[in-house]
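For the sequence shown, the numbering used here assigns the number 59 to the initial residue and increments by one for each residue that follows.
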Amino acid sequence: MQNSSQKIKELVDQAQAIVITSHKSPDGDSIGSSLGLYHILKSWGKNVQVVHPDPAPEFLHWVSGQDQISDFETKSEQASEALLSADLIFCLDYNEPSRVGDAMQAVLVASSANKVMIDHHLHPADFCQVVISETSACSTCELVYKWLKEINRLDDLTETSGACIYLGIMTDTGSFRFPSVSADTHEIIADLIRRGVKHYLIHESVYDTNTVDRIKLRGYALSEKLVCLNDIHVAYASLSEAELKKYNYQKGDTEGLVNQILGIQGIKMAVLFVEKDGKVKISFRAKGDYFVNELAKTHFEGGGHAYASGGISTENLEKTVEKFVTFVKDFIPKA
Ligand code: 5GP
Ligand code: MN
């Protein structure tokens, strides 16, 4: 990491126009790492913009700088222009260009800028000149922090940029509980709090801002749509577009629901199928000796981490679930 860290610092020093990108369907880590780095580079006097494939869900709108993000869905011209005129592009929290979606991928690949990847997903693709890829890291935010430490610039972290880093670590670790959390992670958190980060406000902003519709949608999914395949320790729920509409679905309303399903006693794999725009978005979670990334990759055009993956299906909801029930048996440990 040391070598790459210095190279990245040199690229930043030479750059005239920097763009920070991250993956589709923003989460705490993609927003946190993008905006944390954005605030740092701004404080260094750099010309920097953040370009994301699509807008952030409402529970992340409070993050400082979020109104500065140009997204490809609502500001495609501005976003394209920024990518094409950049001389340095950061690719944060994704491991292959397809993770930014078709429209943005075409422009990202066409851009002649130097590209830097900072990421913690398995199997990084070869599309960046400098890569920090640590699959054991709990989050990309942790890696951004470690990059600052390597280049001796930790003191540039402020309460504002520190809050962004805290956000990504908190959300990608399920609030500091997954196996990916290390002693280093807690030391980083302690340092962020010493730098003035108000951890309680971040937890509150992310987790205690449910709308009544969101709570009811989640209650409905868990009480009416949950299926437990107890013999193989798998549980899943599915939500159709019509069901989402009934509860006035807003982006982010099903965030974390799959983790609640994984919280059922005896369940080692949880899956949530959500029908959106004629496709089915699938979230996979696992624990213990169950893993989900190969299943997501083999049958659902996806991937991710061993214990948290995602994928997509273009078949209808019913067929997608049927397909999952057929294939899941090949991806559970043999007794
Ligand atoms: P989520 O279920 O929260 O949408 O995604 C969980 C994890 O799976 C993400 O952190 C990401 O690593 C991965 N992931 C989600 N969707 C996709 C996808 O469509 N393709 C790939 N390769 N990974 C995904
Ligand atoms: Mn992440």
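Think of the CB as a built atom: it goes at the ideal place given N, C-alpha and C, for glycine as much as any other residue.
Since residue i and residue j should fall inside the 8 Å C-beta cutoff, what is the C-beta to C-beta distance between them, to a whole number of angstroms?
i	j	result
residue 351	residue 180	7 Å
residue 358	residue 369	3 Å
residue 310	residue 135	Residue 310 to residue 135, Cβ: 26 Å. No contact.
residue 199	residue 87	6 Å
residue 161	residue 130	5 Å
Taking the alpha-carbon positions, what's the residue i to residue j distance?
i	j	result
residue 170	residue 145	7 Å
residue 270	residue 389	37 Å
residue 81	residue 343	19 Å
residue 261	residue 193	25 Å
residue 338	residue 361	15 Å
residue 119	residue 63	30 Å
residue 202	residue 223	8 Å
residue 174	residue 69	9 Å
residue 336	residue 315	21 Å
residue 98	residue 65	17 Å
residue 391	residue 296	24 Å
residue 323	residue 329	15 Å
residue 393	residue 383	18 Å
residue 247	residue 221	10 Å
residue 59	residue 191	9 Å
residue 228	residue 157	22 Å
residue 365	residue 148	26 Å
residue 277	residue 321	15 Å
Would residue i and residue j be called neighbours here (beta carbons separated by less than 8 Å)?
i	j	result
residue 446	residue 79	Past the boundaries of the shown model lies residue 446; the chain is included only from 59 to 393, so the question cannot be answered.
residue 225	residue 253	no
residue 284	residue 333	no
residue 236	residue 196	yes
residue 94	residue 219	yes
residue 349	residue 378	no
residue 114	residue 126	no
residue 143	residue 137	no
residue 300	residue 325	no
In terms of DSSP beta bridges, what is residue i paired with?
i	result
residue 172	146
residue 343	328, 366
residue 383	The partner list for residue 383 (beta bridge, DSSP) is empty, contrary to what the question assumes.
residue 371	338
residue 294	285, 329
residue 361	368
At which residue ranges does the stretch 303-336 contain complete beta strand (DSSP E) runs of 3 or more residues, listed in the order of the chain? 327-334
For the stretch 132-169, list the alpha helix (DSSP H) runs that are entirely contained and at least 4 residues long, ordered along the chain. 134-143, 160-168
Jot down the residue ranges of each uninterrupted alpha helix (DSSP H) in the stretch 69-145, minimum 4 residues, whole runs only, in chain order. Within the stretch 69-145, the complete alpha helix (DSSP H) runs of at least 4 residues are 86-101, 134-143.
Runs of 4 residues minimum, wholly inside the stretch 235-267: which ones carry the alpha helix (DSSP H) assignment? If you keep only unbroken alpha helix (DSSP H) runs of at least 4 residues inside the stretch 235-267, you get 241-252, 257-265.
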